[in-house]
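These notes concern the structure reproduced below.
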Amino acid sequence: MQRSASVDPTKMGVGKAIAVLTSGGDAQGMNAAVRATVRVGIYTGAKVYFVHEGGTVIGSARCQDFRSKEGRAKAACNLVKLGITNLCVIGGDGSLTGANEFRNEWSELLQILLKAGKITAEEAKRSSHLNIVGMVGSIDNDFCGTDMTIGTDSALHRIMEVVDAITTTAQSHQRAFILEVMGRHCGYLALITALACGADWVFIPEMPPDEGWEDHLCRRLTYQRSIGNRLNVIIVAEGALDRHGKPITCDIIKNLVTKKLGFDTRATILGHVQRGGTPSAFDRILGSRMGVEAVMALLEATPDTPACVVSLSGNMAVRLPLMECVQVTKEVTKAMAEGRFEEAVKLRGKSFENNWNTYKLLAHVTAPDVKSNINIAIMNVGAPCAGMNAAVRSAVRIGILQGHSMLAVHDGFDGLAHGTIEPMTWGYVGGWTGKGGSNLGTKRSLPARMIEEISLNIAKFNIHALVIIGGFEAFVGGLELWNYREKYEELCIPLVVIPATVSNNIPGSDFSIGADTALNTITTTCDRIKQSAAGTKRRVFIIETMGGYCGYLATMAGLAAGADAAYIYEEQFGIHDLETNVEHLLEKMKTTVKRGLILRNEKCNANYTTDFIFNLYSEEGKGVFDCRKNVLGHMQQGGTPTPFDRNFGTKMGAKAVLWLTEKLKECYRHGRIFANTPDSACVLGMKKRAMIFQPLSDLKEDTDSEHRIPKTQWWLKLRPILKILAKYKISLDTSETATMEHVIKKRGTV
1 MQRSASVDPT KMGVGKAIAV LTSGGDAQGM NAAVRATVRV GIYTGAKVYF
51 VHEGGTVIGS ARCQDFRSKE GRAKAACNLV KLGITNLCVI GGDGSLTGAN
101 EFRNEWSELL QILLKAGKIT AEEAKRSSHL NIVGMVGSID NDFCGTDMTI
151 GTDSALHRIM EVVDAITTTA QSHQRAFILE VMGRHCGYLA LITALACGAD
201 WVFIPEMPPD EGWEDHLCRR LTYQRSIGNR LNVIIVAEGA LDRHGKPITC
251 DIIKNLVTKK LGFDTRATIL GHVQRGGTPS AFDRILGSRM GVEAVMALLE
301 ATPDTPACVV SLSGNMAVRL PLMECVQVTK EVTKAMAEGR FEEAVKLRGK
351 SFENNWNTYK LLAHVTAPDV KSNINIAIMN VGAPCAGMNA AVRSAVRIGI
401 LQGHSMLAVH DGFDGLAHGT IEPMTWGYVG GWTGKGGSNL GTKRSLPARM
451 IEEISLNIAK FNIHALVIIG GFEAFVGGLE LWNYREKYEE LCIPLVVIPA
501 TVSNNIPGSD FSIGADTALN TITTTCDRIK QSAAGTKRRV FIIETMGGYC
551 GYLATMAGLA AGADAAYIYE EQFGIHDLET NVEHLLEKMK TTVKRGLILR
601 NEKCNANYTT DFIFNLYSEE GKGVFDCRKN VLGHMQQGGT PTPFDRNFGT
651 KMGAKAVLWL TEKLKECYRH GRIFANTPDS ACVLGMKKRA MIFQPLSDLK
701 EDTDSEHRIP KTQWWLKLRP ILKILAKYKI SLDTSETATM EHVIKKRGTV
């Protein structure tokens, strides 16, 4: 959907009115969506209204009155009187279906109001059609067509906090824990929780267990105990059923495990804890991006445009026809009711299906009898980050299931050179998913200066393939190994680099393992810092973030925490920019605004240091606000991994080893492995919507080696949103917006 770049975004909404309402169950992140819709609406020149009790800041409700035609006519009358013809609805599938029905009968409602003399012919003409755009707010992630609904990631944060807490107490007592999570008709929360904590079993409504599951479950739990695991975790979605449609509850499982195995068993039902708390960084950014897209979709809509929902697919904003999404969502329920479970999983979408397949792969604990005689070595390189261990765990276990021998290389390339290499078993990586840092040990050293020793050890330990998990040093180290293939035949083995760094600066991937955890640490710290000044006079906080030369953390944390400015290396700034920012903040602080937040990436400018910016704002703000500064430092690298990083690491590790297994078959010639093509040394990265393998040699062109960043970075397009939400009148590039995509393909499936 290309539009001419001559459209002035600040005039797009002039003469138009937008109403925002939240409906149905509340979900964390709805407030971020409301804030973005309002502020971007105002930025375009539109009038923006709240529909109260429509929780969130504006109240969330399930309105009975709206279910009757009289009630809907009353609602139509209220909108017409205010000249509102654009409605932004944030809610679940029930709310969005209701909104669409309202739109379809709009003309009829206007006629009823005209006949009753409630509105004039002129008013009816002015409000002749109603545009509707939806954003899905639901912690269950039960709306088809969208990767993630607003609130899902935050709910996973709440669940994982409980799982981590339970894990520590259960380890002490040797117990089995059963945890029930929300999801009446959708098993997403249960499935991701099971993946993220390495659960022994998960029950979800989309895929009931096979007949005889009781014996199978008991066998699995007994086996886990026999190999030394002190803890068993079983995750149950509240809507879990067996093959005959009978509910599977915590109590049923607890009685089974207690009676049959005699295990000390505890059951916990999480309930509404999952709906509460502050939203995660992901949900804040998701809500903000969706709010911007919703306003654009409303202002571009014509009477012929179908009602749409805005969503994220991978990291791209997309628009989907609302009723197609609703239809597919209903088809899932129907497929489940009719026992077509494989189809139900497919209808849920690619993301759900991939998660289910990864879970199934990792749920098997019996290694094959036939060994492949392949040795795959795994190492961590660069600075440690949360999620590295999850990637190692899944890589090791998938490798064992493929019949390979898995080797641990301690302390990065140093370990490879010095021979600190040992075999890893299934139990070796038990419980690693939720652990922060790097259990293998990691160093920043590069291989070039010890290439001789490395090649000797690859031969000595008979290493056939290599998994390198780490940051920019992992990328450069992988390239060096590839370059030395000409000289050392031992290096002609397939290798894959999995990006894992808080900086998110690896060419070939939009996301790195560890960046989400760091982002949440920064966001919650910003929240606390802002809160520390509650009740005091006006105050501005200057906060320095990590990232090297990469401004990802500063920009995204700025979006998530509502910063007034985020200074980064990629967007050069000078004294005039600093002056503009200070004056802008001064004007804001003279109103009711009491807090200011400025983020600065650690290497954004050698001369405009954090101290310089702090001194500048302190001096210029005299009499209006005072300043405080914080350098967040290494706390950004620590902590337990977020659900996203655990899940992302798990999927990346699994995919990398499955790819290596195929590559090894391709490279097997005359009784040995020989890999010398560029596509046998790759980065596994998330690009737009898919995980893809890209040759290291191809990515060299897109790398600014001096500053250790990719030359093209997708998140820079989000910078204008940060400024608009901070009330800057800047120009937003509207020449390229999300196109309307179809969820239902021609053959009637997704």
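UniProt numbering numbers the first residue of the sequence shown as 1 and each following residue consecutively. Ideal placement from N, C-alpha and C gives every residue a C-beta, glycine not left out.
Asked: Rounded C-alpha distance that separates Pro447 from Glu489; Found: 15 Å
Asked: 8 Å contact criterion, which Tyr567 and Arg600 should meet: CB distance rounded; Found: 5 Å
Asked: The region 119-137 in contact with the region 347-354 per 3-pair CB rule at 8 Å; Found: no
Asked: Three-state secondary structure (DSSP) of Val423; Found: A small fix is needed here, since residue 423 is Pro in this sequence, not Val. Correct three-state label for Pro423: strand.
Asked: Gln111 versus Lys125, Ile458, Leu440, Asn100, residue with shortest Cα-Cα distance; Found: Lys125
Asked: Simplified DSSP state of Thr749, which is helix, strand or coil; Found: The predicted position of Thr749 is uncertain, since its pLDDT is 37 and thus under 50; no value can be drawn from it.
Asked: N-terminal and C-terminal residue of the alpha helix (DSSP H) that Ser351 is part of; Found: 350-363
Asked: Delimiting residues of the alpha helix (DSSP H) encompassing Cys77; Found: 69-82
Asked: Range covered by the alpha helix (DSSP H) that runs through Thr37; Found: 30-43
Asked: Counted within 10 angstroms of its Cβ, other Cβ atoms place Tyr223 as buried (16 or more) or exposed; Found: exposed
Asked: Buried/exposed call for Ile285, threshold 16 Cβ in 10 Å; Found: buried
Asked: Alpha-carbon to alpha-carbon, Gly470 and Thr501; Found: 6 Å
Asked: Coil, strand or helix - Cys526 by DSSP; Found: helix
Asked: Cα-Cα separation, Thr168 to Ala19; Found: 47 Å
Asked: At least 3 beta-carbon pairs within less than 8 Å: the region 674-690 vs the region 227-241; Found: no
Asked: Beta-carbon gap between Gln572 and Thr278 smaller than 8 Å; Found: no
Asked: Residues near Ala690 in its chain [Cβ-Cβ closer than 6 Å; skip 5 each side]; Found: none
Asked: For Glu662, the nearest candidate out of Phe693, Leu632, Leu479, Asn483 (CA to CA); Found: Phe693
Asked: Neighbourhood of Arg340 by C-beta, 8 Å cutoff - its chain only, sequence neighbours within 5 removed; Found: none
Asked: In DSSP terms, what Arg672 is bridged to; Found: Arg669
Asked: Length at least 4, wholly inside the region 541-623: the alpha helix (DSSP H) runs in chain order; Found: 552-561, 575-589, 610-620
Asked: Segment contact, 8 Å Cβ cut-off, at least three pairs: the region 428-447 with the region 372-392; Found: yes
Asked: Sub-8 Å separation of Leu407 and Ile454 beta-carbons; Found: no
Asked: Among Thr517, Gly91, Thr425, the one whose alpha carbon lies nearest that of Pro384; Found: Thr517
Asked: Runs of beta strand (DSSP E) lying entirely within the region 469-505, each at least 3 residues, in chain order; Found: 495-499
Asked: Rounded straight-line distance, which links the Cα of Cys197 to that of His418; Found: 33 Å
Asked: Close-in-space but distant-in-sequence residues of the same chain around Ala344 (CB under 7 Å, 5 per side omitted); Found: Glu206, Val332, Ala335, Met336
Asked: As assigned by DSSP and simplified to three states, the class of Ile58; Found: With a pLDDT of 42 at Ile58, under the threshold of 50, the modelled position of this residue cannot be trusted; read the value that follows with caution. Coil, per DSSP.
Asked: Beta bridge counterpart(s) of Ile204 as assigned by DSSP; Found: Met207
Asked: Reduced DSSP category for Arg539 - H, G, I as helix; E, B as strand; rest coil; Found: strand
Asked: For Thr640, the three-state DSSP class (helix, strand or coil); Found: coil
Asked: Endpoints, the alpha helix (DSSP H) within which Lys330 is located; Found: 322-337
Asked: Ile709 beta carbon near the ligand ATP (any heavy atom closer than 7 Å); Found: Absence of the ligand ATP is noted for the structure shown, with no ligands found whatsoever.
Asked: Three-state class that DSSP yields for Ile139 in the structure shown; Found: coil
Asked: Same chain, Cβ closer than 7 Å to Ile269, five either side skipped, listed in chain order; Found: Glu180, Cys250
Asked: Same chain only: Cβ atoms within 7 Å of Cys325, ignoring 5 sequence neighbours per side; Found: Phe143, Cys144, Gly145, Val309, Val743
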